[in-house]
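This is the structure:
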């Protein structure tokens, strides 16, 4: 599992069983919370789909999760981003974290 925290944009590939067939469904959005610890740890991902906010909470170690991919790192100062529920459009955008590059010597 990759390292990710609140503010990061992740793509969660979930195994969905429909009758006898199984397929993988992607859910991409912003992590707004991580809760618990160890085997019981969960994380909540929020996205806006067709103008409607959709939140989904995943157990971190669930067998239904095929993979988690970090798309971008977010620059936030909170562990829980529940305030994003009240924001619309560009106000709900999260700044991308820019990693400091090492200074070249010589």
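In the numbering used here, the protein residues as written are 4 to 109. A virtual CB, placed ideally from N, CA and C, is assigned to each residue, including glycine.
- Query: Would you call residue 92 buried or exposed, if buried means 16 or more other Cβ atoms sit within 10 Å of its Cβ?
  - Reply: If you number the chain shown from 1, residue 92 lands on position 89. Residue 92 is exposed by the Cβ-count criterion.
- Query: Who does residue 45 pair with in a DSSP beta bridge?
  - Reply: The sequence position of residue 45 within the chain shown is 42, counting from 1. For residue 45, which the question treats as bridged, DSSP gives the partners 38 and 62.
- Task: Report back the beta-carbon spacing between residue 70 and residue 16 to the nearest angstrom; my notes put them in contact at under 8 Å.
- Result: By 1-based counting over the chain shown, the position of residue 70 is 67. By 1-based counting over the chain shown, the position of residue 16 is 13. So it is a contact: roughly 5 Å between Cβ atoms.
- Item | CA-to-CA distance, residue 25 to residue 88, given in whole angstroms | The residue labelled residue 88 in the question sits at position 85 within the chain shown. The residue labelled residue 25 in the question sits at position 22 within the chain shown. In a straight line, the C-alpha of residue 88 is about 32 Å away from that of residue 25.
- Close beta carbons around residue 49, own chain, < 6 Å, minus the five adjacent residues each side: For this step, residue 49 is matched to residue 46 along the chain shown. The residues are 32, 33, 35 and 58.
- Is the CB-CB distance between residue 9 and residue 84 below 8 Å? For the purposes of this step, residue 9 is taken as the residue at position 6 of the chain shown. For the purposes of this step, residue 84 is taken as the residue at position 81 of the chain shown. Yes; because the gap between Cβ atoms is below 8 Å, this pair is in contact.
- Message: Taking the straight line between their C-alpha atoms, what separation do you get for residue 37 and residue 61?
- Response: What you label residue 37 is simply residue 34 of the chain shown in a count that begins at 1. What you label residue 61 is simply residue 58 of the chain shown in a count that begins at 1. Each residue's Cα considered, the two are about 10 Å apart.
- Which full runs of the alpha helix (DSSP H) of 4+ residues lie inside the stretch 73-109, going along the chain? none
- Roughly how many angstroms lie between the CA atoms of residue 68 and residue 94, to the nearest whole one? Taking the chain shown and counting its residues from 1, one reaches residue 68 at position 65. Taking the chain shown and counting its residues from 1, one reaches residue 94 at position 91. Those two C-alpha atoms are separated by around 30 Å.
- Kindly indicate which three-state DSSP category residue 11 falls into: helix, strand or coil? Translated into the one-based positions of the chain shown, residue 11 becomes position 8. Note: residue 11 maps to coil in three-state DSSP.
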